[in-house]
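> Next up is a structure, given as structure tokens.
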Amino acid sequence: MSGIVGYIGGQNAIPILIDVLRRLEYRGYDSTGIAVIHDSSLAVRKRAGNIENLKESLRNEPLSGSIGIGHTRWATHGKPTENNAHPHITGRIAIVHNGIMENYLTLKESLIKEGRSFISETDTEVIAHLIDKNFEGNLEQAVQKAVREIVGPYALAVISHYDPEKIVIARNENPIVIGLGKGEFYVASDTTAILSYVKDIIFLDDGEVAVIKKEGVQIYDSNGKLTVKNIRRLGLNPILMEKGGYRHFILKEIFEQPRAIWDTVRGRISGGDIIFEDFRLGDSEIKKVNKIFITACGTSWHAGLIGKFMIENLSRIPVEVDISSECRYRNPIMDSETLLIAISESGETVDTITSLREGKRRGAKTISICNTIESSISRESDITINVNAGPEISVASTKTFTSSLSALYLLAVYLAKVRGAINQNKVTEKVQGVLDLIGKVEDVMSLEEEIEGLSRIFYERKGFLYLGRGINYPVALEGAMKMKELSYIYAEGYPGGEMKHGPIALIDENTPVVILAPKTSLYEKNLIDIEEVKARQGVVIVFATEGDTEVRKMASHVLYLPHVTELLTPILFTIPLQFLAYYVALRRGLNVDRPRNLAKSVTVE
Ligand code: F6R
Numbered sequence: 043m044s045g046i047v048g049y050i051g052g053q054n055a056i057p058i059l060i061d062v063l064r065r066l067e068y069r070g071y072d073s074t075g076i077a078v079i080h081d082s083s084l085a086v087r088k089r090a091g092n093i094e095n096l097k098e099s100l101r102n103e104p105l106s107g108s109i110g111i112g113h114t115r116w117a118t119h120g121k122p123t124e125n126n127a128h129p130h131i132t133g134r135i136a137i138v139h140n141g142i143m144e145n146y147l148t149l150k151e152s153l154i155k156e157g158r159s160f161i162s163e164t165d166t167e168v169i170a171h172l173i174d175k176n177f178e179g180n181l182e183q184a185v186q187k188a189v190r191e192i193v194g195p196y197a198l199a200v201i202s203h204y205d206p207e208k209i210v211i212a213r214n215e216n217p218i219v220i221g222l223g224k225g226e227f228y229v230a231s232d233t234t235a236i237l238s239y240v241k242d243i244i245f246l247d248d249g250e251v252a253v254i255k256k257e258g259v260q261i262y263d264s265n266g267k268l269t270v271k272n273i274r275r276l277g278l279n280p281i282l283m284e285k286g287g288y289r290h291f292i293l294k295e296i297f298e299q300p301r302a303i304w305d306t307v308r309g310r311i312s313g314g315d316i317i318f319e320d321f322r323l324g325d326s327e328i329k330k331v332n333k334i335f336i337t338a339c340g341t342s343w344h345a346g347l348i349g350k351f352m353i354e355n356l357s358r359i360p361v362e363v364d365i366s367s368e369c370r371y372r373n374p375i376m377d378s379e380t381l382l383i384a385i386s387e388s389g390e391t392v393d394t395i396t397s398l399r400e401g402k403r404r405g406a407k408t409i410s411i412c413n414t415i416e417s418s419i420s421r422e423s424d425i426t427i428n429v430n431a432g433p434e435i436s437v438a439s440t441k442t443f444t445s446s447l448s449a450l451y452l453l454a455v456y457l458a459k460v461r462g463a464i465n466q467n468k469v470t471e472k473v474q475g476v477l478d479l480i481g482k483v484e485d486v487m488s489l490e491e492e493i494e495g496l497s498r499i500f501y502e503r504k505g506f507l508y509l510g511r512g513i514n515y516p517v518a519l520e521g522a523m524k525m526k527e528l529s530y531i532y533a534e535g536y537p538g539g540e541m542k543h544g545p546i547a548l549i550d551e552n553t554p555v556v557i558l559a560p561k562t563s564l565y566e567k568n569l570i571d572i573e574e575v576k577a578r579q580g581v582v583i584v585f586a587t588e589g590d591t592e593v594r595k596m597a598s599h600v601l602y603l604p605h606v607t608e609l610l611t612p613i614l615f616t617i618p619l620q621f622l623a624y625y626v627a628l629r630r631g632l633n634v635d636r637p638r639n640l641a642k643s644v645t646v647e
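Take the position in the sequence shown, starting the count at 1, then add 42; the result is the number in the working numbering.
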């Protein structure tokens with residue numbers, strides 16, 4: 043949560059800091075700020091609200107300097123005001139910080155007793171005072187001493203005009219990386235944000251402190267010993283970070299889905315077979331697995347719910363799916379015969395990381411399905427299945443969701459194959475299904491115009507109900523989530539059969555009910571749901587399979603999607619729901635790429 047940037051080199055840091063902050067805004071946009079060392083003094087500029095406010099202030103009163111740090115904030119401690127915005131300057135240092143300091147109140151009290159005064163409500167200011175208090179002319183030593191007192195996750199970057207010529211950064215559980223340029227260095231909480239500047243990256247590990255000077259980088263481990271780190275070369279294409287002619291990132295990312303899914307599956311299938319080379323678990327170990335446990339948050343949790351259907355259906359291994367923020371506190375049952383799958387777009391969701399660690403502690407073999415290479419979740423899991431959707435800039439997840447589903451589908455087929463639950467012919471049939479899917483995902487994009495038309499009718503409604511059954515019940519949850527996130531309209535996702543046990547009371551002529559009714563084993567049951575809603579004067583929007591004339595007679599709004607096998611229907615049927623949420627939000631004049639209160643990467647509890 044929140045974004046950190048830093049620059050040291052021969053260029054003016056300001057435009058670089060601003061550009062990287064703009065790219066980091068999806069991590070939060072409650073306030074932005076920068077601090078630079080200029081003429082042997084510290085200059086800071088910060089504003090509440092998004093980066094445009096900061097840019098305007100810099101236009102009116104420019105700053106310059108070749109060493110600087112910056113921050114875009116998602117508020118945790120303290121309101122999103124200018125006063126609480128980062129960087130915080132205390133005495134001789136300026137700091138930007140991500141994380142939650144669990145012991146900040148106790149430390150704040152003792153710092154106050156020592157005569158220090160506070161001007162913000164943030165925990166960051168406590169860290170600033172700790173560093174300042176320990177500062178005796180060497181910034182890294184002050185940071186090393188200060189971070190020993192912090193309980194909780196953090197990533198931070200600090201500069202001081204009393205020890206200029208350097209940026210000091212530190213990490214514990216929250217990501218921060220160093221980008222290596224020629225005679226210049228970049229710092230960021232997210233590699234993708236500095237992708238257009240550098241290719242070579244050093245990832246900091248927990249407890250490490252790095253000193254970055256124009257001449258080079260030194261990294262100390264948690265015991266204060268100098269350590270040698272690997273440099274990783276990133277293969278990501280910076281073009282993926284641009285809007286590429288689309289009006290919004292989210293629209294671009296919706297349209298990228300055929301490519302994103304293809305990039306996720308290609309390389310894992312060949313000649314009608316699955317070749318899951320990155321699934322490094324021996325056949326005998328796969329056969330020993332007696333339970334799969336999936337943990338994730340939000341949209342990734344919805345992917346997990348769908349993964350359960352895929353895996354159980356094909357391999358017959360029992361699957362439990364648990365929201366990570368619940369899982370970590372409930373003493374879950376896992377042992378050495380459990381396969382724990384953590385699903386995460388960012389790879390930095392703190393609850394998911396903690397659940398993964400909990401699974402490891404209990405002896406489970408851990409797999410991550412993750413869209414961010416080198417993220418904490420990827421690096422900490424025994425096996426990483428990279429989702430190759432490419433950087434997702436819009437805060438609401440779209441292409442990563444459907445790409446994760448494709449990865450889960452391949453995994454389900456692979457597990458079933460190794461355990462002998464399906465024969466080779468079936469494997470080939472399943473692989474062919476995925477290959478055919480790509481073209482069908484492309485076809486679904488043509489629904490855009492029709493859905494935009496629907497948005498005109500429904501954008502002022504107060505609530506939406508989404509119904510789906512079986513493997514499409516989590517799709518209803520995801521559709522409702524997208525509607526809530528983007529349009530701020532209350533939306534409820536429900537299993538169709540459960541509607542009569544409560545949500546039916548919501549139905550009247552003003553509440554649109556979106557019903558997923560693909561031709562699956564539960565199709566007839568979907569028809570019952572449509573009838574029940576209609577009987578209560580509900581307005582029904584049905585997403586059905588091409589050629590289905592039955593639903594046409596029943597519902598006023600029917601949109602058709604190509605036929606795919608049941609296990610692949612969620613990938614296809616999610617896409618029109620993304621369009622619907624997007625166009626409803628657009629008509630309501632909302633910021634579709636950065637909905638209020640949300641952040642892309644949730645690194646706090
Ligand atoms: C919704 C959305 C969130 C994330 C959730 C978990 O559109 O993006 O619900 O899915 O915050 O994040 P990751 O997948 O990064 O662990």
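Virtual Cβ for every residue (Gly too), placed ideally from N, Cα, C.
Rounding to the nearest angstrom, what Cα-Cα distance links Ile50 and Val437 in this structure?
Rounded to whole angstroms, Ile50 to Val437 spans 29 Å at the Cα level.
> So what's Tyr371 in DSSP terms, helix, strand or just coil?
Three-state result, Tyr371: coil.
> CB of Met523 to nearest heavy atom of the ligand F6R: below 7 Å?
Checking the Cβ of Met523 against the ligand F6R gives yes.
> Under 6 Å Cβ to Cβ from Phe335, same chain only, skipping five residues before and after it: list those, please.
Excluding positions up to five away in sequence, the list reads Glu362, Met376, Thr380 and Leu382.
> When the distance is taken between beta carbons, is Ile613 closer than 8 Å to Cys447?
It is Leu, not Cys, that sits at residue 447 in the sequence shown. Yes.
> Can you find a heavy atom of the ligand F6R that lies under 7 Å from the Cβ of Ala438?
Answer for Ala438: yes, Cβ within range of the ligand F6R.
> Would the beta-carbon of Ala230 fall within 8 Å of that of Gly221?
Cβ distance < 8 Å, so Ala230 and Gly221 count as in contact.
> I need the DSSP call for Phe335, collapsed to helix, strand or coil.
Residue state, collapsed to three classes: strand.
> Please report the residue range of the alpha helix (DSSP H) in which His80 lies.
Not the alpha helix (DSSP H): His80 falls in the beta strand (DSSP E), residues Ser73 to His80.
> Who are the near neighbours of Arg65 in its chain, counting only those whose CB is closer than 6 Å to its CB and skipping five residues on each side?
Answer for Arg65: Ala235, listed in chain order.
> Suppose you measure from the CA of Leu609 to the CA of Ile348; what does that come to, to the nearest Å?
Cα to Cα, Leu609 sits roughly 9 Å from Ile348.
> Look at Gly70 and Arg115 and say whether their C-beta atoms are less than 8 Å apart.
It is a contact, given that the beta carbons lie within the stated cut-off.
> Helix, strand or coil: how does DSSP classify His203 here?
In the structure shown, His203 sits in coil (DSSP, three-state: anything other than H, G, I, E or B).
> Going by beta-carbon coordinates alone, are Ser439 and Glu368 separated by less than 8 Å?
In this structure, Glu368 does not lie closer than 8 Å to Ser439 by Cβ.
> Please identify the residue among Ser418, Thr408, Ser410 and Cys412 whose C-alpha is closest to the C-alpha of Val392.
The candidate whose alpha carbon is nearest that of Val392 is Ser418.
> If distances are taken between C-alpha atoms only, which option among Ser82, Ile79, Leu100 and Ser83 comes closest to Arg89?
Nearest option by C-alpha distance: Leu100.
> So Met541 and Leu569 are supposed to be a Cβ contact under 8 Å. How far apart are they, rounded?
In fact, because the Cβ distance is near 13 Å, the residues do not count as touching under 8 Å.
> Please tell me whether, using a cut-off of 7 Å, the distance from the CB of Glu527 to the nearest non-hydrogen atom of the ligand F6R is below it.
Yes, since a heavy atom of the ligand F6R falls inside the 7 Å radius drawn around the Cβ of Glu527.
> Bridge partners for Pro300 per DSSP, in chain order?
DSSP output for Pro300 lists no bridge partner at all.
> Would you kindly work out how many angstroms separate the C-alpha atoms of Ala184 and Gly75, rounded to a whole number?
Those two C-alpha atoms are separated by around 23 Å.
> Take the Cβ of Pro129 as the centre, count every other Cβ of all protein chains shown within 10 Å, and call the residue buried at 16 or more, exposed below.
Looking at its Cβ environment, which holds 16 or more other Cβ atoms inside 10 Å, Pro129 is buried.
> Taking the alpha helix (DSSP H) that Tyr456 belongs to, which residues open and close that run?
Start and end: Lys441 to Val460.
> Considering only heavy atoms of the ligand MG, does any lie closer than 7 Å to the CB of Gly340?
By its list of ligands, the structure shown excludes the ligand MG, since it contains just the ligand F6R.
> At which residue ranges does the stretch 411 to 442 contain complete alpha helix (DSSP H) runs of 4 or more residues, listed in the order of the chain?
Listed in chain order, they are 418 to 422.
> Could you check whether Leu153 and His139 sit closer than 8 Å to each other, using their CB atoms as the reference points?
Result no, Cβ atoms of His139 and Leu153 do not sit closer than 8 Å.
> Any idea what DSSP makes of Phe291, helix, strand or coil?
If DSSP states are grouped into helix, strand and coil, Phe291 belongs with the helices.
> In chain order, what residues of the same chain lie with their CB nearer than 7 Å to the CB of Val429, ignoring the 5 residues before and after it?
Once the five neighbours on either side are set aside, the close Cβ partners of Val429 are Thr306, Ile411, Cys412, Asn413, Thr442, Ser445, Ser446 and Ala449.
> According to DSSP, is Asp393 part of a helix, a strand, or is it coil?
In this structure, Asp393 counts as helix in the three-state DSSP scheme.
> Keeping to the same chain, check which residues put their C-beta closer than 6 Å to that of Ser159; ignore five residues upstream and five downstream.
Excluding residues within five positions, none has a Cβ falling inside 6 Å.
> How should Lys294 be labelled, buried or exposed, when 16 other C-beta atoms within 10 angstroms of its C-beta is the threshold for buried?
It counts as buried.
> Rounded to whole angstroms, what is the Cα-Cα separation between Val41 and Pro122?
Since the first and last residues shown for the chain are 43 and 647, residue 41 lies out of range.
> Leaving out five residues before and five after Ser397 in sequence, what residues of the same chain have Cβ atoms less than 6 Å from its Cβ?
Result list for Ser397: Thr337, Ser366, Cys369 and Arg370, in chain order.
> At 3 residues or longer, and completely inside the stretch 561 to 606: list those beta strand (DSSP E) runs for me, N to C.
Runs found: 581 to 587 and 599 to 603.
> Looking at the ligand F6R, does it come within less than 7 Å of Thr118, judged from the CB to the closest heavy atom?
Outside the cutoff, so no.
> Could you give the DSSP three-state label for Gly521: helix, strand or coil?
The answer is helix: DSSP assigns Gly521 an H, G or I state.
> If you measure from the CB of Glu416, is any heavy atom of the ligand F6R nearer than 7 Å?
It does not: the Cβ of Glu416 is nowhere closer than 7 Å to a heavy atom of the ligand F6R.
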